[in-house]
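All remarks here apply to the structure that follows.
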Amino acid sequence: MTKNSPGAKLSPSRVKALENYHLFRQCARCRSVILSKNAKTLYKTMALLYPDYIEESLLKDGALRVDDPDLAFMLDEKDFVDAREALREESLIYKSTESGILLMNRHHRDAAISRMTMNERKQALYLSIDILSAHFPDTYSADVGHQAASSSYCEKSLPHIESIIKQNEHYKVFEPRNQEFAELLLRCSWYLYEREDYSIALSYVEITLKKFDEKGSLPYASAIDLRGLINLDICRPTDALESFKEAYKLRTAILPDNDPFLAASQVNIGLAYTELGEHENAREYLQQSINIRLMHDSDRIGNSYSIMASLLLKTGDPSGAEAMLKSCPSLKDFSDETFLKTGNPRFSGYVLIFDMKCRLFSD
């Protein structure tokens, strides 16, 4: 078989040369296409996302939740369809046989990004970040616990976040730091932690911490706190305690005394001390969290009481644990329905309340 015969195996250098040639042809073709502003925005934004499966609803709902004039056309069905169809007519994107799904050829994707200026890449990345951030709950501005309600969109956003991380690394768009990018990765990291994907969550947290511009901010403290929670779940309580204390120090420097958000840090520190067998220290921080949440009539009060009750059980004081649960305000009229309304039961603390209520109050 000769090297030019149809079945001949191409050398790696030949394959690379053909790929580069194909990319050059795609770039040249893209330059010759005249598109509207909306079509260009849609194309550049999609180029940074995962090309094999882009839901129209993900784009539209993301645009709906952010106030960005560049994305306003996605809220008008006619404008969106006009932009989409202009790209389809030029074979720059495709519609899947599955309804509402858009696809982009990877060569077209590479060509689109390659021919963008650095400013255009930044703008496209900002738009992608806006769309994706809208699908993840804010876990760092208030003590709202962990939310499962948005898990469907969070899950669908994961491949797109992985894609923009790779594109950012390749093209060095946000180097070395960018606050908005860091906050998106933080929101995603919390979701990965909630679904117990600890390895990826921890890797994202480490990227997040390097990307922050504002090291003294609540989002940065949240990233430190999350690193602690991951370490606690993978049986590294000493590392977890170090992170929790660092996050608590940052929050106390930013927030007023007795702010409800400080109670979240106190609970985490109490958990770490409990795992380390330092029960008096754990009790001190958990009591502080109870005091703050009672002061503010927080709907997170059950979290503090349940963990304090768990600590008392660990120290061999079931009577104290029962008394603690009976004194919990949120245990009044507690029912199965109440339990199911607590967001994400795994993290709400009500798992312990529900279980202990059944075991301790069964008589």
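Per numbering that gives the first Met the number 0, residue 0 is the first one in the sequence shown, and the count goes up by one each step. All residues carry an ideal CB built from backbone N, CA and C; glycine is no exception. In this text, all values refer to a predicted model and were calculated from it rather than measured experimentally.
Do S127 and T207 have their C-beta atoms closer together than 8 Å? As a first step, residue 127 must be located in the sequence shown, where it is residue number 128. As a first step, residue 207 must be located in the sequence shown, where it is residue number 208. No.
Can you check the segment 258-287 for any alpha helix (DSSP H) of at least 4 residues that lies completely inside it and give the ranges in chain order? 259-274
So the alpha helix (DSSP H) I130 belongs to, where does it begin and stop? Within the sequence shown, numbered from 1, the residue matching residue 130 stands at position 131. Its alpha helix (DSSP H) spans residues M117 to S132.
Those residues which DSSP pairs with E89 across a bridge: The residue given as residue 89 occupies position 90 in the sequence shown. DSSP output for E89 lists no bridge partner at all.
Length of the line joining the Cα atoms of E179 and A220: As a first step, residue 179 is located in the sequence shown; it is residue number 180 there, counting from the start. As a first step, residue 220 is located in the sequence shown; it is residue number 221 there, counting from the start. Rounded to whole angstroms, E179 to A220 spans 15 Å at the Cα level.
Can you name, in chain order, every residue of its own chain whose Cβ lies under 6 Å from the Cβ of S156, other than the five neighbours on each side? Indexing the sequence shown from 1 puts residue 156 at position 157. Cβ neighbours of S156 beyond the five flanking positions: L131 and H134.
Within 8 Å, strictly: CB atoms of L102 and P68: Working through the sequence shown from its first residue, we reach residue 102 at position 103. Working through the sequence shown from its first residue, we reach residue 68 at position 69. Not a contact, by the Cβ cut-off of 8 Å.
Ignore the nearest five residues each way along the sequence and tell me which others in N177's own chain have a CB closer than 8 Å to its CB. What you label residue 177 is simply residue 178 of the sequence shown in a count that begins at 1. Counting only Cβ-Cβ distances below 8 Å, and skipping sequence neighbours, we find K210 and D212.
Cα-Cα separation, H159 to E283: To locate residue 159, count along the sequence shown from 1; it is residue 160. To locate residue 283, count along the sequence shown from 1; it is residue 284. Roughly 43 Å separates the two Cα atoms.
At a threshold of 7 Å, does T273 count as lining the ligand ADP (C-beta to nearest heavy atom)? With respect to the ligand ADP, the structure offers nothing, as it holds no ligand at all.
Name the one or two DSSP bridge partners that I33 has. Locating residue 33 in the sequence shown gives position 34, counting from the first residue. In the DSSP output, where bridge partners are listed per residue, I33 has none listed.
So, with DSSP's three-state summary, where would you put I233? Within the sequence shown, residue 233 is the residue found at index 234, counting from 1. Coil at I233, not helix or strand.
Rounded straight-line distance, which links the Cα of E55 to that of V266: Along the sequence shown, read from residue 1 onward, the residue named residue 266 stands at position 267. Along the sequence shown, read from residue 1 onward, the residue named residue 55 stands at position 56. Whole-angstrom Cα-Cα distance: 41 Å.
Taking C-beta to C-beta, are A123 and M115 nearer than 8 Å? Counting from one through the sequence shown, the residue named residue 123 turns up at place 124. Counting from one through the sequence shown, the residue named residue 115 turns up at place 116. Against a cut-off of 8 Å, the Cβ pair of M115 and A123 comes out as a contact.
Quick check: the Cα distance between R83 and E182, rounded to an integer number of angstroms? Along the sequence shown, read from residue 1 onward, the residue named residue 83 stands at position 84. Along the sequence shown, read from residue 1 onward, the residue named residue 182 stands at position 183. One C-alpha to the other measures close to 29 Å.
Select from E277, L275, S242 and E279 the residue whose C-alpha is nearest the C-alpha of S264. In the sequence shown, counting from the first residue as 1, residue 264 sits at position 265. Comparing Cα positions, the closest option is S242.
Cα-Cα, which of I199, H295, K121 and K248 is closest to K214? Residue 214 sits at position 215 when you count from the first residue of the sequence shown. When each option's Cα is compared against that of K214, the closest is K248.
CA-to-CA distance, S216 to L254, given in whole angstroms: For the purposes of this step, residue 254 is identified with residue 255 of the sequence shown, where counting begins at 1. For the purposes of this step, residue 216 is identified with residue 217 of the sequence shown, where counting begins at 1. Cα-Cα distance, rounded: 10 Å.
For Y190, which residues from the same chain have a beta carbon less than 7 Å from its beta carbon, with the 5 sequence-adjacent residues on both sides left out? Along the sequence shown, read from residue 1 onward, the residue named residue 190 stands at position 191. Closer than 7 Å at the Cβ level, and outside the excluded window around Y190, lie F135 and C153.
Would you grab the beta carbon distance between L310 and T251 for me? Rounded to a whole angstrom, and I think it's under 8 Å. Position 311 of the sequence shown, counting from 1, holds the residue named residue 310. Position 252 of the sequence shown, counting from 1, holds the residue named residue 251. In fact, because the Cβ distance is near 23 Å, the residues do not count as touching under 8 Å.
How would you label M448, buried or exposed, when you count the other beta carbons within 10 angstroms and need 16 or more for buried? With the chain covering only 0 through 362, there is no way to say anything about residue 448.
Compute the Euclidean distance between the alpha carbons of L240 and Y304, then round it to the nearest angstrom. Taking the first residue of the sequence shown as position 1, residue 240 is located at position 241. Taking the first residue of the sequence shown as position 1, residue 304 is located at position 305. Whole-angstrom Cα-Cα distance: 20 Å.
Could you pull the DSSP bridge partners for I53 from this structure? As a position in the sequence shown, residue 53 is number 54, starting the count at 1. DSSP lists L101 as partners of I53.
Apart from the five residues just before and just after A246, which ones in its own chain have a Cβ nearer than 7 Å to its Cβ? Taking the sequence shown and counting its residues from 1, the one referred to as residue 246 is at position 247. Once the five neighbours on either side are set aside, the close Cβ partners of A246 are A220, I223, D224, G227 and S264.
For I92, which of L41, D60 and G61 has the nearest alpha-carbon? Working through the sequence shown from its first residue, we reach residue 92 at position 93. Taking only the C-alpha atoms, the option nearest I92 is L41.
Identify every run of the beta strand (DSSP E) within the segment 182-253, keeping only runs that are complete inside it and at least 3 residues long; order them along the chain. none
Alpha-carbon spacing of L185 relative to N230, whole angstroms: Counting from one through the sequence shown, the residue named residue 185 turns up at place 186. Counting from one through the sequence shown, the residue named residue 230 turns up at place 231. Whole-angstrom Cα-Cα distance: 16 Å.
Is K331 helix, strand or coil when you go by DSSP? By 1-based counting over the sequence shown, the position of residue 331 is 332. Coil, per DSSP.
Spatial neighbours of D81 in its chain, beta-carbon cut-off 8 Å, leaving aside the 5 residues before and after: Against the sequence shown, residue 81 aligns to sequence position 82. For D81, where only same-chain residues beyond five positions count, the Cβ hits under 8 Å are S35, N37 and A38.
Give the DSSP-derived three-state secondary structure of H159 in the structure shown. Here residue 159 refers to the residue found at position 160 of the sequence shown. In this structure, H159 counts as helix in the three-state DSSP scheme.
Please classify H107 as buried or exposed, where buried requires at least 16 other C-beta atoms within 10 Å of its C-beta. In the sequence shown, residue 107 corresponds to position 108, counting from 1. Burial call: buried.
I need the boundaries of the alpha helix (DSSP H) containing K313, first residue and last residue. Indexing the sequence shown from 1 puts residue 313 at position 314. Start and end: I300 to K313.
Quick one: using the 10 Å Cβ neighbour count with 16 as the cut-off for buried, is C234 buried or exposed? Locating residue 234 in the sequence shown gives position 235, where the first residue counts as 1. Exposed.
Supposed close pair A271, S288 - CB separation, criterion 8 Å: One-based indexing of the sequence shown puts residue 271 at position 272. One-based indexing of the sequence shown puts residue 288 at position 289. About 13 Å; that fails the 8 Å criterion.
Alpha-carbon spacing of N257 relative to N290, whole angstroms: If you number the sequence shown from 1, residue 257 lands on position 258. If you number the sequence shown from 1, residue 290 lands on position 291. Taking the straight line from one Cα to the other gives about 9 Å.
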